[in-house]
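Colleague: The structure follows.
Protein chains in written order, with the numbering used here: chain A, 6 to 496; chain B, 6 to 496.
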């Protein structure tokens with residue numbers, strides 16, 4: 006059978022793009038940099054949202070919704086923030102169109118110019134802190150633990166489906182606290198939740214740590230991140246959680262009276278993950294035949310394909326298939342029964358391989374005679390014949406096994422691709438010939454970090470939480486260092 | 006106790022605004038016409054979303070996501086549509102800001118002007134049909150049954166929280182079909198789903214019917230709507246479903262090959278409900294003491310308030326309260342246990358009345374001695390003492406009773422306020438002195454409809470599906486009519 010995808014070896018970037026499009030996940034739209042998320046891709050995103058939303062609510066967060074537009078002047082209130090976000094953005098300047106005089110279409114009505122331009126939110130700290138000002142007077146009003154599911158826009162010049170798009174979907178948590186300690190704990194709690202989600206739902210091992218000063222969120226005192234390794238040896242930042250200190254509270258004058266009657270500025274955090282996670286999920290596990298989805302996020306965990314030669318056989322096989330579908334459903338397994346007679350079994354097999362359905366069941370006349378069914382798992386491509394008796398329990402266990410198997414495979418790959426290097430030559434050689442994560446010493450200065458990045462395109466992904474203290478020398482300057490940091494080329 | 010709300014009698018519009026703000030549902034933002042939906046309001050919206058989404062999926066629809074921005078030229082492709090939507094809209098003209106030369110803030114960078122302006126979507130027919138063009142070749146690709154949950158922007162001059170805002174949240178279904186019949190059936194199915202949702206979840210009776218030609222969606226051949234009656238006697242359009250014929254398929258050149266090999270344009274529908282439903286829910290049931298929420302959409306169905314005089318009592322009452330909370334939760338009832346010792350019981354009673362929690366339980370020392378609890382229902386404000394034994398079953402039944410009671414009350418009010426009138430004087434008098442729905446004869450012309458509206462501010466809400474055929478004379482022109490239509494002043 007002809008391959009529908011470019012292979013990873015041949016051209017990794019092309020393989021990714023082919024896969025996203027051919028598996029029906031997303032496509033480019035008529036608007037530069039904006040994607041259409043197609044139903045199959047959106048169904049995966051919905052599964053991600055549901056789990057994350059549950060995790061947020063279990064830790065006391067509530068959802069709310071803030072305006073899409075932010076007055077231009079708000080961006081100037083926090084000095085770092087304006088540098089980081091207000092530059093490449095969509096600017097609304099007018100609020101009306103009018104018919105052209107020649108009758109050919111519409112044009113902007115110059116009489117309908119806004120007094121102050123509005124920015125389509127690239128992130129919502131400013132409008133939210135401007136709102137919190139009215140919600141907070143006393144320590145009794147704290148903490149505020151609010152999350153928003155929303156679309157945001159950043160005017161990216163080079164875009165890639167899911168990984169970097171002008172408009173993307175995300176959640177942004179924005180919390181307000183009475184003490185520094187509480188805000189720092191919240192910052193850490195949320196990156197832990199993201200790590201939990203990445204590992205236990207996306208089946209992607211991640212390394213957690215602090216961003217270096219140069220890589221911090223614009224306006225943050227500390228940025229925590231989770232970093233995953235893709236199959237081409239490049240890192241992907243999959244989620245961030247920011248300790249904002251009192252910066253936004255000061256910029257928007259948000260104060261509260263503490264228990265002793267003293268007035269202080271409020272402490273803040275913000276944290277987010279986006280549809281970029283879709284890119285991480287796709288690149289983390291998939292192969293040259295298509296997607297490989299972890300069962301916990303697969304829109305359909307199982308697909309049943311009937312095998313038949315004529316109408317009589319079709320009826321018999323469909324009847325049995327329907328029984329099996331119901332038995333699996335009852336066990337809480339999501340099942341698609343593809344009864345279409347417009348497509349052949351071979352076409353369907355290839356289709357569900359491409360779409361990464363974790364388990365494929367094929368049911369024919371001989372199976373019905375023998376009380377068996379063919380069970381194929383997508384991750385290892387292994388097939389076996391199983392008795393239909395007790396199938397739901399076995400499939401349920403198989404799905405758990407696949408979830409774990411996918412994670413272990415990714416973990417093994419990740420661990421095999423963490424390189425400890427101690428010299429500049431080794432560092433450059435590893436980047437060129439092995440790729441992956443590199444743990445190396447760094448002198449802690451922004452200048453060195455920038456020079457390393459300029460020379461190699463590798464950046465400091467995180468200073469890992471679990472990087473132990475040890476004496477060492479910076480690979481670039483030879484200056485003393487007390488801890489290795491995680492380098493990689495990144496998406 | 007001082008009333009926190011203006012009474013309905015005193016000033017209905019003010020009562021509504023007070024209620025939305027004081028119950029913590031929403032507030033105005035720093036951006037003209039854009040609201041902030043606060044956590045309590047958003048929790049109700051999430052409940053609505055969850056039920057509607059389930060109903061959509063059960064009828065075979067899938068979710069997807071299309072771009073926020075629409076190229077200006079797309080609006081000129083469907084002639085009616087541009088008139089209806091492209092006029093009052095947010096227009097993105099630039100994609101970059103730069104620092105001002107005086108260092109004071111940022112300004113639009115004139116060098117970053119877009120070649121073609123982008124419109125922030127007021128509705129998505131154009132971008133979606135431009136996308137469907139690539140999805141549809143043959144009858145095998147049909148139907149497409151897609152829904153999108155999204156934000157949209159219409160530049161409204163006079164805005165009111167939830168009822169009319171520049172940005173609002175909604176869902177928009179966009180379906181593509183091979184035949185006119187199938188598209189018409191879909192249009193009807195979706196308005197039936199909206200009516201089901203309004204009646205069985207929002208507890209709001211609605212009248213379903215066709216919009217008159219003048220009130221149709223821009224670009225539709227037929228618009229179906231559900232109309233609810235608010236307590237001030239004004240109508241509120243709560244949902245619409247449009248049969249778009251082949252208009253958008255023709256505008257965007259979307260054709261398919263049917264089973265016989267013939268090329269034809271695709272048939273379309275679109276349908277939507279928005280955060281406006283929040284306004285309908287609030288105005289439909291609430292009273293001068295605050296919100297009245299139907300149990301099926303209440304974020305908390307039950308609140309437990311402990312009554313105590315000292316720390317020992319607090320511990321005892323909280324322990325018992327916690328047992329009760331768990332027992333109710335186990336029965337699938339959502340419960341808030343307000344253990345805060347910073348607020349007094351009386352304050353909490355008023356708070357939950359204002360927030361419309363359907364059932365309030367108060368638990369004190371005497372209750373614990375007697376094995377009882379005080380149960381107060383929000384809708385009728387009636388209280389009774391119940392044994393704690395068997396409480397979950399009783400509360401569950403009580404919640405059903407409240408859901409039904411709220412609906413019946415709204416239905417009685419609605420039915421008492423449908424007036425059948427046959428003369429112009431009666432019509433005008435009814436509008437002035439009774440308000441409500443008016444069933445009257447109309448000669449079927451757009452001209453008469455417009456003149457009636459200009460003279461009375463009453464419009465034709467719908468031509469009801471169940472309006473029976475009868476001979477009559479138009480109340481305005483005296484010309485013959487075969488069917489009464491539904492008039493009202495409306496939100």
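Cβ atoms here follow ideal geometry from the backbone N, Cα and C, with glycine treated the same way. It should be emphasised that the depicted structure is a prediction, and the values quoted were computed from it without experimental measurement.
Taking Cβ positions only, does residue 496 (chain A) come closer than 8 Å to chain B?
Modeller: Not closer than 8 Å to any Cβ of chain B, the Cβ of residue 496 (chain A) fails to qualify, so no.
Colleague: Using a Cβ cut-off of 8 Å (strictly closer), state whether residue 16 (chain B) contacts chain A.
Modeller: No, its Cβ sits nowhere closer than 8 Å to a Cβ of chain A.
Colleague: Indicate whether the contact test is met: 3 or more Cβ pairs, each with one atom in the region 379-393 of chain B and one in the region 360-371 of chain B, closer than 8 Å.
Modeller: Short answer: they touch.
Colleague: Just list the alpha helix (DSSP H) runs in the region 160-233 of chain A, keeping only unbroken ones of 4 residues or longer that don't cross its boundaries, in chain order.
Modeller: Entirely contained in the region 160-233 of chain A, the alpha helix (DSSP H) runs reaching 4 residues are, in chain order, 185-205.
Colleague: Where do the ends of the alpha helix (DSSP H) carrying residue 290 (chain B) lie?
Modeller: Residue 290 (chain B) -> alpha helix (DSSP H) spans 281-290.
Colleague: Counting pairs of beta carbons, one from the region 131-138 of chain B and one from the region 104-111 of chain A, are three or more of them closer than 8 Å?
Modeller: With the cut-off at 8 Å, the region 131-138 of chain B and the region 104-111 of chain A do not touch.
Colleague: Anything in the region 90-121 of chain A with a Cβ closer than 7 Å to a Cβ of chain B? List those residues in chain order, please.
Modeller: Taking 7 Å as the Cβ-Cβ cut-off against chain B, the residues of the region 90-121 of chain A that qualify are 91, 92, 93, 94, 95, 96, 97, 98, 99, 100, 101, 102, 110, 111, 113.
Colleague: Rounded to whole angstroms, what is the Cα-Cα separation between residue 40 (chain B) and residue 33 (chain B)?
Modeller: In a straight line, the C-alpha of residue 40 (chain B) is about 5 Å away from that of residue 33 (chain B).
Colleague: For residue 172 (chain A), go through chain B and note every residue whose CB falls closer than 8 Å to its CB, in chain order.
Modeller: Here the neighbours are 72, 73, 74.
Colleague: Suppose you measure from the CA of residue 53 (chain A) to the CA of residue 184 (chain A); what does that come to, to the nearest Å?
Modeller: Using only the alpha carbons, I get a separation of about 32 Å.
Colleague: Can the beta-carbon of residue 304 (chain A) be found closer than 8 Å to that of residue 323 (chain A)?
Modeller: Not a contact, by the Cβ cut-off of 8 Å.
Colleague: Is residue 465 (chain A) helix, strand or coil when you go by DSSP?
Modeller: Reduced to three states, the DSSP call for residue 465 (chain A) is strand.
Colleague: Quick one: list the residues of chain B neighbouring residue 41 (chain A), beta-carbon separation under 8 Å, in chain order.
Modeller: Per Cβ cutoff of 8 Å: 69, 70, 71, 72, 136.
Colleague: Would you kindly work out how many angstroms separate the C-alpha atoms of residue 63 (chain A) and residue 262 (chain A), rounded to a whole number?
Modeller: The straight-line gap from Cα to Cα measures roughly 28 Å.
Colleague: Sort B:127, B:359, B:452 by Cα distance to residue 28 (chain B) and report the nearest one.
Modeller: Nearest option by C-alpha distance: B:359.
Colleague: Determine whether the Cβ of residue 25 (chain A) lies closer than 8 Å to any Cβ atom of chain B.
Modeller: Chain B contact via Cβ: absent.
Colleague: Could you pull the start and end residues of the alpha helix (DSSP H) that residue 400 (chain B) belongs to?
Modeller: 396-421 is the span of the alpha helix (DSSP H), which, as asked, contains residue 400 (chain B).
Colleague: What residue range is occupied by the uninterrupted alpha helix (DSSP H) comprising residue 435 (chain B)?
Modeller: Per DSSP, residue 435 (chain B) belongs to the alpha helix (DSSP H) from 429-438.
Colleague: Against chain B, with Cβ distances strictly below 8 Å, would residue 340 (chain A) count as a contact?
Modeller: So no, residue 340 (chain A) is outside the interface.
Colleague: Which parts of the region 14-51 of chain B are runs of the alpha helix (DSSP H), unbroken and 4 residues or longer, counting only runs that do not cross its ends?
Modeller: 17-27, all fully within the region 14-51 of chain B.
Colleague: How is residue 75 (chain A) classed by DSSP in three states: helix, strand or coil?
Modeller: In the structure shown, residue 75 (chain A) sits in a strand (DSSP, three-state: E or B).
Colleague: For residue 132 (chain A), which residues in chain B fall below 8 Å Cβ to Cβ?
Modeller: Within chain B, the residues near residue 132 (chain A) are 34, 35, 36.
Colleague: How about residue 223 (chain B) and residue 282 (chain B): are their beta carbons less than 8 Å apart?
Modeller: Result no, Cβ atoms of residue 223 (chain B) and residue 282 (chain B) do not sit closer than 8 Å.
Colleague: Measuring alpha carbon to alpha carbon, tell me which of A:393, A:150, A:285 ends up nearest residue 325 (chain A).
Modeller: Here the closest residue by C-alpha is A:393.
Colleague: May I have the straight-line CA-CA distance separating residue 288 (chain B) from residue 44 (chain B), to the nearest angstrom?
Modeller: If you take the alpha carbons of residue 288 (chain B) and residue 44 (chain B), they lie about 19 Å apart.
Colleague: Out of curiosity, what's the CA-to-CA distance linking residue 48 (chain B) and residue 299 (chain B)?
Modeller: Roughly 14 Å separates the two Cα atoms.
Colleague: Have a look at the DSSP bridge pairing and note the partners of residue 391 (chain B).
Modeller: Residue 391 (chain B) is bridged to B:378.
Colleague: Any C-beta of chain B within less than 8 Å: which residues of the region 284-296 of chain A qualify?
Modeller: Flagged: no residues at all.
Colleague: Evaluate the contact criterion for the region 242-260 of chain B versus the region 214-232 of chain B: three or more CB pairs, one atom per stretch, below 8 Å.
Modeller: Short answer: they touch.
Colleague: Anything in chain A within Cβ reach of residue 221 (chain B), meaning under 7 Å, just list it in chain order.
Modeller: The contacting residues do not exist; residue 221 (chain B) stays about 21 Å from chain A at best.
Colleague: What does residue 342 (chain A) pair with, by DSSP beta-bridge criteria?
Modeller: Answer is A:309, bridged to residue 342 (chain A).
Colleague: What three-state label does DSSP hand residue 477 (chain A) in the structure shown?
Modeller: DSSP places residue 477 (chain A) in strand when its eight states are reduced to three.
Colleague: Quick check on residue 6 (chain A): does DSSP put it in helix, strand or coil?
Modeller: Note that residue 6 (chain A) scores 48 on pLDDT, short of 50, meaning its location in the model is unreliable and no value can be drawn from it.
Colleague: If contacts are defined as beta-carbon pairs under 8 Å, then residue 271 (chain A) and residue 75 (chain A) qualify, I think. What distance do you get, rounded to the angstrom?
Modeller: Not confirmed; about 20 Å, so no contact.
Colleague: Going straight from the alpha carbon of residue 447 (chain B) to that of residue 340 (chain A), what length do you get?
Modeller: Each residue's alpha carbon lies about 53 Å from the other.
Colleague: Please list the terminal residues of the continuous beta strand (DSSP E) segment that includes residue 489 (chain B).
Modeller: Its beta strand (DSSP E) spans residues 485-493.
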